[in-house]
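Data block below; observations after.
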Amino acid sequence: MERTFDRCEAVLADLDLGEVRRWKQEHPGARAIAYFPVYAPVEIIHAAGFLPVGLAGAGDRLDIQHADARFGSFICSIVKTTMELGMTGHLEPLDGLLFSSICDSARNLAFVMKRNFPQMYVDFLHLPQNPGSPASVDFLAQEYARLARELEQMGGAPVTSESLQAAIRLYNQNRALVRRLYALRSASPHRVTAREAYLLVRAGYFLPVEEHNAILEQALAALPKRKGKLRDSLRIVIEGAFCEQPPLDLIRLVEDAGCYVVDDDFVLGRNWFLDDVATDSEPLLALAGAYAEQSRYSSVRHDFRHPRWEALADKVRHTRADAVIFLIAKFCEPAYFDYVLYKKKLEEMGIPHLLLEFEEKMFTFERMRMEVETFVESLVFD
Amino acid sequence: MSPTPNTEYRGNIHQRQKELMLKWYERLDESAGSGRPLPVSLMISGNCVELLEAFEAVPLYPEVNALQLAIRHQSLEPILAAEELGYAADNCAYVKADIGCYLKGITPTGGRLPVPGLVLCNFVGCNTYIKWFEHTAALTGAPLFMLDVPFLRTDEPSPADVDYVVRQLHELVAILERLSGRKFDYERFQRAVECSRQVEELWSAIKNLARRSPSPFDAYFDAITLMGPLYVYRGTPEGVEFFEIALRELKEKAEQGLGVYEQERFRLVFEGPPPYPYFRTFRDMFAQWKACAVASTYSTVGGLWEFGARHDPAKPFESVALHMLAQNVTNRNYLQRYDQIARYVDEWDADGVIIHFVKSCRLFSAGQGDMREYLTRTIGVPTLYIESDLEDPRYFAEAQTKNRIDAFFEALEHAKLTGRTRPAAQEGPRPDARLRVLP
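Top to bottom, those sequences are chains A and B. First residue of the first sequence? That's 49 in the numbering used here, and the numbers climb one at a time after it. First residue of the second sequence? That's 0 in the numbering used here, and the numbers climb one at a time after it.
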């Protein structure tokens, strides 16, 4: 198992996208299309015979030398490191970039990338924010059809009902495996740490889905047999890191300070749908319908029929969490906003919470360690 | 340096603008007491106020309230109240001021503001709108309708985009019928759309007067005075009457060769909203150099009509949808904004572009460094990049801002004296032609 974790860690540490290069060598003429967090219809990219790649900044592995001047202050780190990756040649193996309506900074980034990297296909998907309207499914299916046509024009295979259904099945399997991993961790947090689960899921950003499914299956076979003593730790839900990803050391720090992370919203797009996407109907409509009706709650998806603060409350109850840690990327406006109503709801429920702000490129964690330890102690010795 | 000239245009326009805005606040106060007219909160940018007119509902614009508070130096108290509730230093200060006002019962005029009977979020570009309106609905218990408007990501809106918005407008009609207790009056809706068309025609004529030298008004600072009635009264006969007066006055001024300054020294394009808490101070920093704004992107948040777009009473639903989708700066993509500025520079004959990075507004500000790069290197126009906020007085560094502005004009003046007008444009990547929609 340790070797698998090491491999996953190496995959996501590789700024030169070695796995993407390898895949392209094995599939001459095929394209790699990256998508910016949070959700993207990866099935359509797969159906065109292309590799979907999750692009979530550069973490703590790249100094920003050019992108600050393009984006200015008060803009989050992931926007800048993504731009920096482009400006330093790291995105060279990618043929396209797909953005969606998650926030104002990411949206402008899409067009700044388009201007600066004219050789790339850069597109923007509008994911509907009014899923209660019957019109939203038709609209989204047409938006997806537009994407399929664009990919075909880039030399992709025809996106047919059959190829889409096959892709939906593969990704349903992938999401089911991720759900099982999360369920295992919630039930037996001593058998798999949050950091380990994170590595397993995040590696899927860079690997073909078939390979990622195999890794997850292998892990799910091995992890329940793992020995491990249940510690007297707090069960916590982490909320707020749905786009920019926290440093690995920060995830470990939270665990070391006496927390079991029983749910989180890291790498959210890998686990986007609550149930399988239907495979017995017109696939683009099925994908669009799933977005409207089966999506997980998120700060960047809006469905007032079931507000996010109620969804967080459900998650806390369901996972029997003792507390919530808000792990918010600095300058992430959607997360800052949601914190207010999440906090109000948790206070009504009597659930303790802690707010932490992070940046991709943090190098000192001492203050944060102290904050988490103090928070944990205050609850354990209450 | 000579003392700051009094640059603000004060004629009938100014008086009439005050009367109209006061009347709007009176209607809101009346609604706060009786629930009638039905108050519907919505955003300025790309809205469907014409549909509200059909139900005699009164629009409640939190943005207008927020800017009124800021310009009257009253924004800090509500911002601090919102921060106490948990809002972050980096959340949009417009939202914080609005929520803080609700919490503390503060209003810009001292009259009452109603709790909206419907929170109508026209999601046009800015994601913060969604959060703002969800929070308003959650805190007040008012019903929310999220009118999702696809972001303009291709040259033009697709038929699917238009159909999606039109279908939601029909859903909205049914909701308004229920909430207002009135049947939808299609002819009244058409009349409102016709009023909008006329207002847009008149407003465009005014904006085109700034092509003249000297410009008879400042298309950033004075345009803001006109923007109150433009947004609050767009679909009404009062709006038409106001803009007839405004055009007549400014045209007379232009025909007499009168400008904002006796001798206009610099012509500028402004990008980004102004720092309202220091509005006058900021204006004076440009007035001292006799620098006049001839165009601004901020004055197109509600609609981008100077390039010809109009509402159409023959196709009211479609034209409202098209307006929401494509004819306002916030729902257009970022590179289209580059084009818009480049066009102002060429056609309104500007000497420089002022880029105001607004901490609160990522929609306007994220990527403005890249925009500057484009304008300077590809278009070859001098630019000045300054940072502050549109609502939060804590982010305005007066001395630093003035230094930068003075240095910019000194350099521009030096360039004029030495005969070097614009730096030579360099070759660089231009926006993809597929994204250029302006003719």
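Beta carbons are placed, not taken as given, at the ideal position from N, Cα and C, and that holds for glycine. None of these values were measured; they are calculated from a predicted model.
Supposed contact pair residue j and residue i - C-beta distance, whole angstroms, cut 8 angstroms
i         : j         : result
Leu39(A)  : Tyr253(A) : Past the boundaries of the shown model lies residue 39(A); chain A is included only from 49 to 430, so the question cannot be answered.
Arg79(A)  : Gly137(A) : Actually they are not in contact, since the Cβ atoms of Arg79(A) and Gly137(A) sit about 18 angstroms apart, beyond 8 angstroms.
Ala137(B) : Leu389(A) : 6 angstroms
Leu268(A) : Leu322(A) : Going by Cβ atoms, the distance from Leu268(A) to Leu322(A) rounds to 19 angstroms, so no, they are not a contact pair.
Leu195(A) : Tyr87(A)  : Actually they do not touch by this definition, with Cβ atoms about 13 angstroms apart.
Tyr192(A) : Ile92(A)  : 6 angstroms
Leu394(A) : Gly288(A) : Not really, about 13 angstroms apart at Cβ, beyond 8 angstroms.
For residue j and residue i, the rounded distance between their alpha carbons
i         : j         : result
Leu335(A) : Ala326(A) : 8 angstroms
Gly227(B) : Leu403(A) : 39 angstroms
Ser343(A) : Asp348(B) : 50 angstroms
Asp64(A)  : Glu303(A) : 30 angstroms
Ala277(B) : Phe395(B) : A small correction: the amino acid at residue 277(B) is Tyr; Ala does not occupy that position in the sequence shown. Cα to Cα, Tyr277(B) sits roughly 8 angstroms from Phe395(B).
Met135(A) : Arg190(B) : 52 angstroms
Ile385(B) : Thr130(A) : 24 angstroms
Arg309(B) : Gln67(B)  : 28 angstroms
Ala215(A) : Thr52(A)  : 25 angstroms
Leu19(B)  : Ala294(B) : 25 angstroms
Val420(A) : Ala305(A) : 6 angstroms
Leu334(B) : Met370(B) : 8 angstroms
Tyr308(A) : Val424(A) : 11 angstroms
Ala361(A) : Gly85(B)  : 18 angstroms
Val90(A)  : Leu218(A) : 11 angstroms
Val328(B) : His72(B)  : 27 angstroms
Asn220(A) : Glu237(B) : 57 angstroms
Leu332(A) : Leu173(A) : 14 angstroms
Min CB distance residue i to chain A below 7 angstroms
i         : result
Lys130(B) : yes
Lys103(B) : no
Gly368(B) : yes
Gln167(B) : yes
Lys444(B) : The first residue shown for chain B is 0 and the last is 438, placing residue 444(B) beyond what the model contains.
Pro228(B) : no
Pro149(B) : yes
Arg210(B) : no
Tyr277(B) : no
Met145(B) : yes
Phe356(B) : yes
Ala137(B) : yes
Phe122(B) : yes
Ala141(B) : no
Pro438(B) : Because Pro438(B) carries a pLDDT of 27, less than 50, the predicted location of this residue cannot be relied on, and the following value inherits that uncertainty. Output row for Pro438(B): interface = no.
Leu84(B)  : yes
Arg435(B) : Residue placement at Arg435(B) is flagged as unreliable, the pLDDT there being 34, under the threshold of 50; a coordinate-derived value is accordingly withheld.
Asn332(B) : yes
Tyr93(B)  : no
is_contact[residue i, chain B] using C-beta, thresh 7 angstroms
i         : result
Arg415(A) : no
Met410(A) : no
Gln201(A) : no
Asn178(A) : yes
His174(A) : yes
Tyr192(A) : no
Leu389(A) : yes
Cys291(A) : no
Ile81(A)  : no
First through last residue of the alpha helix (DSSP H) which encompasses residue i
i         : result
Pro38(B)  : Pro38(B) -> not in any alpha helix (DSSP H); beta strand (DSSP E) instead, spanning 38–40.
Leu316(A) : From DSSP, Leu316(A) is part of no alpha helix (DSSP H); its letter is neither H nor E.
Glu358(A) : 356–366
Pro236(B) : 236–254
Extent of the continuous beta strand (DSSP E) to which residue i belongs
i         : result
Val185(A) : Per DSSP, Val185(A) belongs to no beta strand (DSSP E); it is in the alpha helix (DSSP H), 183–201.
For the 8 angstroms Cβ check, are there 3 or more pairs between the stretch 196–216 of chain A and the stretch 82–98 of chain A? By the Cβ rule, the stretch 196–216 of chain A counts as touching the stretch 82–98 of chain A, because three or more pairs are nearer than 8 angstroms.
Contact between the stretch 25–45 of chain B and the stretch 108–118 of chain B: three or more CB pairs below 8 angstroms? These segments touch.
With a cut-off of 8 angstroms, do at least 3 Cβ pairs link the stretch 72–82 of chain B to the stretch 249–263 of chain B? No, they do not touch.
With three or more C-beta pairs closer than 8 angstroms as the rule, is the stretch 125–134 of chain B touching the stretch 145–155 of chain A? Short answer: they touch.
Evaluate the contact criterion for the stretch 68–82 of chain A versus the stretch 264–280 of chain A: three or more CB pairs, one atom per stretch, below 8 angstroms. Put simply, the stretch 68–82 of chain A does not touch the stretch 264–280 of chain A. Fewer than three CB pairs are less than 8 angstroms apart.
With three or more C-beta pairs closer than 8 angstroms as the rule, is the stretch 266–273 of chain B touching the stretch 314–328 of chain B? In the pairwise beta carbon analysis, the stretch 314–328 of chain B is classified as not touching the stretch 266–273 of chain B: fewer than three pairs are separated by under 8 angstroms.
I'd like to know if the stretch 371–386 of chain B and the stretch 404–413 of chain B are in contact, where contact means that at least 3 CB-CB pairs between them fall below 8 angstroms. Judged by Cβ distances under 8 angstroms, the stretch 371–386 of chain B makes contact with the stretch 404–413 of chain B, as three or more pairs qualify.
Take every Cβ of the stretch 366–374 of chain A, pair it with every Cβ of the stretch 383–399 of chain A, and state whether three or more of those distances are shorter than 8 angstroms. Verdict: yes, contact present.
Segment contact flag, the stretch 329–341 of chain B with the stretch 99–110 of chain B, C-beta cutoff 8 angstroms, min 3 pairs: No contact exists between the stretch 329–341 of chain B and the stretch 99–110 of chain B.
Touching or not, the stretch 318–325 of chain B and the stretch 157–175 of chain B, by the rule of three or more beta carbon pairs under 8 angstroms? In short, these stretches touch, since the Cβ pair count reaches three.
Evaluate the contact criterion for the stretch 143–156 of chain B versus the stretch 48–67 of chain B: three or more CB pairs, one atom per stretch, below 8 angstroms. Taking 8 angstroms as the limit for Cβ pairs, the verdict is that the stretch 48–67 of chain B does not touch the stretch 143–156 of chain B.
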